[in-house]
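Dropping the structure here:
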């Protein structure tokens, strides 16, 4: 059974144990040693591969009137971000381009992620998709999704014919 929070952060059924075993102090760990693996090692290729798509870290919280998604997305222009809502799923996609100023012969550390990224989030409540807004300020993306109005229960009278 996939719990709501696991859906929210993108963990699929059966991965819970794998994530729990790989986390240090109860938190989720990413493959943080992939950039520091020895040259030519298998782990080094992962997110440095040009076809790899990075995953955004997000905070998702709710207020009385809306669901809010916040993500640090520094170095990305608003026109390079695509936000889509499909049923109960919010998807954020984008591209972070690296400006090459120097000719690099060797990286001593490479921890910054450059390239395409995306994140899909299952929304915890129904939202009014046509009223969603997004803003980018100081490298922080904020997506505001107004909660859908609660539908009224209507009583229907049955007539005998």
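Residue numbers (the numbering used here): 1 to 161. Note that CB positions come from ideal geometry on N, CA and C, so glycine has one too. Since we're looking at a predicted model, the values are computed, not measured.
Residue 119 and residue 145 have their C-alpha atoms roughly 16 Å apart. With respect to the 7 Å criterion, residue 94 and residue 85 are not classified as neighbours on the basis of their beta carbons. In this structure, DSSP gives residue 137 an extended state, which the three-state scheme calls strand. Pairing residue 127 with residue 148 gives a Cβ-Cβ distance under 7 Å.
If you draw a straight line from the Cα of residue 72 to the Cα of residue 143, it is about 12 Å long. Inter-residue distance for residue 125 and residue 159 is about 36 Å (C-alpha atoms, whole angstroms). A residue is called buried when at least 16 other Cβ atoms come within 10 angstroms of its Cβ; residue 60 meets this threshold and is buried. Pairing residue 116 with residue 153, the inter-Cα distance amounts to about 45 Å. CA-to-CA, the gap between residue 97 and residue 74 works out to about 11 Å. In this structure, residue 69 sits near residue 58, with a CB-CB distance shorter than 7 Å. For the pair residue 123 and residue 78, the CB atoms are not nearer than the 7 Å cut-off.
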